[in-house]
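K.L.:
So that you can map any letter, position 185 of the sequence shown is 177 in this note's numbering, and since no number is skipped, the others follow by simple counting.
Using N, Cα and C, we set each Cβ at its ideal position, and we do this for glycine too.
Shown below is the structure under consideration.
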Amino acid sequence: MQKYLAICCLALACVLGTLAQDKKDTARSKSKPDLTGSWMLDRATSKAASPGKPDLPLKISYREPELRITHQREENGKIVGRDFVYYTDGRGETNPTTRALTTNPNSGARDWDKQVTKSKTRWSGNKLITRSTLRSAVGGHILEFEVIEERKLSADGKTLTETSRTVFRSADSMFIPAPAPEHKSVYNRIPD
């Protein structure tokens, strides 16, 4: 009888522990903003928004820990999407590069489509922060920059603000570039 009672107590403890962990995981995931949806760039409140082509929505799908962002653009009269995947648990990710700087400093302009950027993404409170280190070869010197991108959802869930800043990190170079301006893109949620 004591053996049976001990087994029942052990089973009950396991079930309660699992329920407590599930509740903790649910509370943790609910505390993170849900960025899922379609977003339209607000050119009036954004800094460094590219002029030209008509605005196309940014599409985000978020299911912890995977954040998938699809940037759409027009190419040869067709709308094409380019996917970027980020993992919010900090494991790191590799995405197509979007900047003249890349993870590979020896690449040329002809290699642009083959270049990638490696980064790491983590939550910091209600901000999602992605950090990447980019390199460029200039005059026989390797210059290193850190790019810090932050994504933050407004309290009402209707506005997504992305800021990006580039910080020069190389200490062994005689060349020190001027500080890069911070880029800010403000997106408004569009109904599905």
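Who are the Cβ neighbours of S30 in its own chain at under 6 Å, not counting the five residues just before and after it?
P.N.:
Position 38 of the sequence shown, counted from the start, is the residue given in the question as residue 30. Hits under 6 Å: P49, K51, I182.
K.L.:
Could you check which residue in R127, G69, W115, T151 has the C-alpha nearest to that of F160?
P.N.:
As a first step, residue 160 is located in the sequence shown; it is residue number 168 there, counting from the start. That would be R127, whose Cα lies nearest to the Cα of F160.
K.L.:
If you follow the beta strand (DSSP E) that R123 is in, where does it begin and where does it stop?
P.N.:
Translated into the one-based positions of the sequence shown, residue 123 becomes position 131. Segment 119 to 130, the beta strand (DSSP E) holding R123.
K.L.:
Which term fits E138, buried or exposed, when burial requires 16 or more other beta carbons within 10 angstroms of its beta carbon?
P.N.:
Residue mapping note: residue 138 aligns to position 146 of the sequence shown, counting from 1. Burial call: exposed.
K.L.:
Here's the rule I'm using: 16 or more other beta-carbon atoms within 10 Å means buried, otherwise exposed. How should V130 be labelled?
P.N.:
In the sequence shown, counting from the first residue as 1, residue 130 sits at position 138. The residue in question, V130, is exposed, as its Cβ has fewer than 16 Cβ neighbours within 10 Å.
K.L.:
Give me whichever residues DSSP pairs with E138 in a beta bridge.
P.N.:
Your numbering for residue 138 matches position 146 in the sequence shown. Answer is T125, V159, bridged to E138.
K.L.:
Go ahead and label A19 buried or exposed: buried means 16 or more other beta carbons lie within 10 angstroms of its beta carbon, across all protein chains shown.
P.N.:
For the purposes of this step, residue 19 is taken as the residue at position 27 of the sequence shown. Any reading at A19 needs caution, since the residue's pLDDT is 45, under 50, leaving its predicted position unreliable; the model's value is listed next. When all chains shown are included, A19 counts as exposed.
K.L.:
Going by beta carbon distance, what residues of the same chain come within less than 8 Å of Y79, once the five residues before and after it are set aside?
P.N.:
The count along the sequence shown starts at 1 and reaches residue 79 at position 87. Result list for Y79: P57, E58, L59, E85, T113, in chain order.
K.L.:
Which residues in the same chain as K144 place their Cβ atom closer than 6 Å to its Cβ, once the five residues preceding and following it in sequence are excluded?
P.N.:
For the purposes of this step, residue 144 is taken as residue 152 along the sequence shown, with counting starting at 1. Closer than 6 Å at Cβ, skipping near neighbours: K119, T153.
K.L.:
Can you tell me where the beta strand (DSSP E) holding E66 begins and where it ends?
P.N.:
For the purposes of this step, residue 66 is taken as the residue at position 74 of the sequence shown. That run of the beta strand (DSSP E) goes 58 to 67.
K.L.:
Is the beta carbon of K176 less than 9 Å from the beta carbon of S38?
P.N.:
Walking along the sequence shown from the start, residue 176 turns up at place 184. Walking along the sequence shown from the start, residue 38 turns up at place 46. Yes, Cβ-Cβ distance for K176 and S38 is below 9 Å.
K.L.:
Please work out which residues of its chain come closer than 6 Å, Cβ to Cβ, to S156, disregarding the five sequence neighbours upstream and downstream, and give them in chain order.
P.N.:
Residue mapping note: residue 156 aligns to position 164 of the sequence shown, counting from 1. Within the same chain, S156 has close Cβ partners E141, H175.
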